[in-house]
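Peer 1: One gets my numbering by counting positions in the sequence shown from 1 and adding 2 to each.
To start, I am sharing the structure in question, which I have written as C-alpha cells.
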Amino acid sequence: MRDIMLLENQLPFFVLEGLYNIAFGDEKLVSPHSENSESATAVDDIDNSNAIRSLPSFMELCCQVLMVGKSKILEKFDDCKVLHLVDFLRTCYLPSVLRDPIEGENDDLDFPPTVERLKDAGIKFEVAKNGSLLDIEFSNGVLRIPKLEVEDHTESLLLNLSALELCHYHFDSYIIDYIVLMDVLITTLKDVGYPRD
3 MRDIMLLENQ
13 LPFFVLEGLY
23 NIAFGDEKLV
33 SPHSENSESA
43 TAVDDIDNSN
53 AIRSLPSFME
63 LCCQVLMVGK
73 SKILEKFDDC
83 KVLHLVDFLR
93 TCYLPSVLRD
103 PIEGENDDLD
113 FPPTVERLKD
123 AGIKFEVAKN
133 GSLLDIEFSN
143 GVLRIPKLEV
153 EDHTESLLLN
163 LSALELCHYH
173 FDSYIIDYIV
183 LMDVLITTLK
193 DVGYPRD
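Right under this line is the structure:
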C-alpha cells in the first residue's frame, strides 16, 4: 500500500479508471447459487447471498481501499479533475469549506504560540468529531482539531502529499499549511498531550 502512495509511482487517474472500466465495465457480481448465474459473471461465495450487487465505481473503490469515508467525499470530486491516487487522497482530506488560493509570497505570517502557551492563555482544546483532517475550527475560545492517528506510513504519506502540493498546488497548499501549523503548535511532549485533555 505504501508504494502506491509514493508520488514517483503515480499513474494518471484517468488511466487507472479506464483500466478498471475496461476490466469490469457494467458487470454485476452474482452468487453462483442465484438463478441468473449462467447469464452473468459468477463469483464464488459472495457474502453467501443470492443477491445481485453492482461493483463499486472506481472512485468508490478508491475510498474503500484508502479507507476514507464515502460520505460527502464523492461530492468533492464533482467539479475537480483528479491527477492520480495521491491527488485523490489530498482531495479527500480537503476541508469542508475551501479558502481562496493565496498568491504571491507572504512574509508577514503570524504564527500561533505553542499549545502549552495557548492553554496558559485560557484557550481550550477539543478533538473535532466530524469532518476532514483539515477541518480545524476556532470559536469561543475553543480550538477544535481533528484527531490524527500516527501510524508507520503517516510520515511518508504527509511527505508525498506535501511534494504534490509543491508541484501542483503551490498557492493552494492545505497539507503543507496543516503540517506547519502542527509543527508550530506542538514543540514539546507536553504539547502533544494537551489536545487529548
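Positions of the beta carbon are idealized from the N, C-alpha and C atoms, including for glycine.
How close, in whole Å, do the beta carbons of Y171 and L136 come, if the pair is a contact with beta carbons under 8 Å?
Peer 2: Counting from 1 along the sequence shown, the entry for residue 171 is found at position 169. Counting from 1 along the sequence shown, the entry for residue 136 is found at position 134. That pair is no contact at about 13 Å.
Peer 1: Which term fits I24, buried or exposed, when burial requires 16 or more other beta carbons within 10 angstroms of its beta carbon?
Peer 2: Against the sequence shown, residue 24 aligns to sequence position 22. The residue in question, I24, is exposed, as its Cβ has fewer than 16 Cβ neighbours within 10 Å.
Peer 1: Since T190 and E118 should fall inside the 8 Å C-beta cutoff, what is the C-beta to C-beta distance between them, to a whole number of angstroms?
Peer 2: Numbered from 1 along the sequence shown, position 188 holds the residue referred to as residue 190. Numbered from 1 along the sequence shown, position 116 holds the residue referred to as residue 118. About 7 Å separates the two Cβ atoms, so the contact holds.
Peer 1: Need the endpoints of the alpha helix (DSSP H) that K192 sits in, please.
Peer 2: As a working mapping, residue 192 is identified with position 190 in the sequence shown. Unbroken alpha helix (DSSP H) run through K192: L191 to G195.
Peer 1: Do you know whose CA, among I177, K126, A130 and F113, lies nearest A165's CA?
Peer 2: Position 163 of the sequence shown, counting from 1, holds the residue named residue 165. Among I177, K126, A130 and F113, the Cα nearest to that of A165 is on I177.
Peer 1: Out of Q66, P58, D5 and V84, state which residue places its alpha-carbon closest to the alpha-carbon of V17.
Peer 2: Sequence index remark: in the sequence shown, residue 17 carries index 15 (1-based). When each option's Cα is compared against that of V17, the closest is V84.
Peer 1: Would you call the CB atoms of L159 and M61 closer than 9 Å?
Peer 2: Mapped onto the sequence shown, residue 159 falls at position 157. Mapped onto the sequence shown, residue 61 falls at position 59. For L159 and M61, no; Cβs fall outside 9 Å.
Peer 1: Alpha carbon to alpha carbon, what distance is there between L163 and R92?
Peer 2: For the purposes of this step, residue 92 is taken as residue 90 along the sequence shown, with counting starting at 1. For the purposes of this step, residue 163 is taken as residue 161 along the sequence shown, with counting starting at 1. Approximately 7 Å between the Cα atoms of the pair.
Peer 1: In the DSSP output, which residue or residues are listed as bridge partners for V144?
Peer 2: Taking the first residue of the sequence shown as position 1, residue 144 is located at position 142. Answer by DSSP bridge pairing, in chain order: K126 and S141.
Peer 1: Just reading off the alpha helix (DSSP H) that E167 is part of, what are its end residues?
Peer 2: As a position in the sequence shown, residue 167 is number 165, starting the count at 1. Element bounds for E167: T156 to H170.
Peer 1: When DSSP labels each residue in this structure, what does N11 get in the three-state scheme?
Peer 2: Locating residue 11 in the sequence shown gives position 9, where the first residue counts as 1. Of the three classes helix, strand and coil, the one that applies to N11 here is helix, per DSSP.
Peer 1: Expressed to the nearest angstrom, what Euclidean distance is found between the alpha-carbon atoms of P114 and K131?
Peer 2: Stepping through the sequence shown from its first residue, residue 114 is reached at position 112. Stepping through the sequence shown from its first residue, residue 131 is reached at position 129. Those two C-alpha atoms are separated by around 23 Å.
Peer 1: DSSP three-state call for M184: helix, strand or coil?
Peer 2: Position 182 of the sequence shown holds residue 184. Looking at M184 - three-state DSSP - the assignment turns out to be helix.
Peer 1: If you draw a straight line from the alpha carbon of S134 to that of R4, how long is it in whole angstroms?
Peer 2: Mapped onto the sequence shown, residue 134 falls at position 132. Mapped onto the sequence shown, residue 4 falls at position 2. The straight-line gap from Cα to Cα measures roughly 21 Å.
Peer 1: Starting from the Cα of R146, find the closest Cα among V88, L120 and C65 and give me that residue.
Peer 2: Numbered from its first residue, the sequence shown carries residue 146 at position 144. Ranking the options by Cα distance to R146, first place goes to L120.
Peer 1: When the Cα of H155 is compared with those of P58, S56 and L68, which residue comes out closest?
Peer 2: For the purposes of this step, residue 155 is identified with residue 153 of the sequence shown, where counting begins at 1. Closest option to H155, Cα to Cα, is L68.
Peer 1: Would you call the CB atoms of V186 and T116 closer than 9 Å?
Peer 2: The residue given as residue 186 occupies position 184 in the sequence shown. The residue given as residue 116 occupies position 114 in the sequence shown. Taking 9 Å as the Cβ cut-off, V186 and T116 qualify as a contacting pair.
Peer 1: Keeping to the same chain, check which residues put their C-beta closer than 7 Å to that of M184; ignore five residues upstream and five downstream.
Peer 2: Taking the sequence shown and counting its residues from 1, one reaches residue 184 at position 182. Hits under 7 Å: none found.
Peer 1: Considering Cα atoms alone, identify which of K126, E10, P97 and P58 is closest to V144.
Peer 2: Within the sequence shown, residue 144 is the residue found at index 142, counting from 1. It is K126 whose Cα lies nearest to the Cα of V144.
Peer 1: For the alpha helix (DSSP H) holding D89, just list the boundary residues, first then last.
Peer 2: One-based indexing of the sequence shown puts residue 89 at position 87. Element bounds for D89: L87 to Y95.
Peer 1: Below 9 Å between beta carbons: does that hold for L87 and F15?
Peer 2: Taking the first residue of the sequence shown as position 1, residue 87 is located at position 85. Taking the first residue of the sequence shown as position 1, residue 15 is located at position 13. For L87 and F15, yes; Cβs fall inside 9 Å.
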